[in-house]
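Residue numbers (this note's numbering): 24 to 314.
Yeah, the Cβ is synthetic: ideal placement off N, Cα and C, and Gly gets one too.
It should be emphasised that the depicted structure is a prediction, and the values quoted were computed from it without experimental measurement.
The structure under discussion appears below in the form of structure tokens.
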């Protein structure tokens, strides 16, 4: 079905400190892997600086993200610059990005150690905030960049330019610039299209536009989108759900394809996305997956 990969020997597990209950799962997974012949398994939290050092120094062949989609996003942010693939094991409420559930964990880990998997490449976006021509920060994202109103329930005026030319203006709660991966996240919640994850396009979706264009726009990978903020009240930038950054009138957020991509370990055949789509769409993570 797919070409076998080089069996990984150096495996690390990353968890989120907000999920201490996964501690027993970490020990169980590490025991399985070491019995299968891997090197001693390293364990980190997503904010542990030693994880970044281990990835950059070549001490990790595969990074296992144990938790939910938030843990998977953070693991992807860290692993992408080093090319280390990420395997998601779901211990969260939803797990749209994850590959393994509790029930098939043991069998899948055996496949991992045998090299019986394939790597799925997902594009990322680079976003950069400018104020009066000065760069205030750069973010690499796997899901989306959101420019939106802050605490005041009032729309903001946003002007989107494409490669230096004005595309359109929005009077809206916000504007989302998403990857195909992010098309099933916030962009989907506000009516955006579902895009196959292997595509390399930039998706633009307005949030609650008022007397403005309400259609999503799909752009080519080589496009550069500039979002200018015009507001007399609070606006914010949020990159992959990270803590918001306050924006001022006249700020510009540039969004383009990142030089980095994330590799996900997959065991299912490439058609898995469409088979699983309906299952995920019928879940409500708040009620434990009940419609």
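Excluding five sequence positions before and after residue 113, the CB atoms of its chain that fall closer than 6 Å to its own CB belong to 121, 124, given in chain order. Annotation for residue 81: no beta strand (DSSP E) segment contains it, and DSSP assigns it neither H nor E. Minimum Cα-Cα distance from residue 287 among the listed residues 58, 126, 87, 93 corresponds to 87. Distance check between residue 177 and each of 170, 196, 38, 165 places 196 closest, using alpha-carbon atoms only. The alpha-carbon of residue 85 is positioned some 18 Å away from that of residue 165.
Ranking 79, 54, 171, 83 by CA distance to the CA of residue 268 puts 171 first.
Restricting attention to 190, 169, 184, the CA atom closest to the CA of residue 201 is found in 169.
Between residue 36 and residue 69, the C-beta gap is not smaller than 9 Å, which leaves the two residues out of contact. When rounded, the separation of the alpha-carbon atoms in residue 95 and residue 110 is 8 Å. The beta carbon of residue 108 sits closer than 6 Å to the beta carbons of 85, 142, 286, 288 from its chain, once the five residues preceding and following it are set aside; these are given in chain order. If you draw a straight line from the Cα of residue 54 to the Cα of residue 92, it comes to about 24 Å. Listed in chain order, the non-local C-beta contacts of residue 223 below 6 Å within the same chain comprise 146, 244, local neighbours out to five positions each way being set aside. Residue 191 is bridged by DSSP to 183.
In the structure shown, residue 249 falls within a strand segment according to DSSP collapsed to helix, strand and coil.
Secondary structure of residue 209 (DSSP, three-state): helix.
Here the C-alpha atom of residue 72 lies approximately 14 Å from the C-alpha atom of residue 82.
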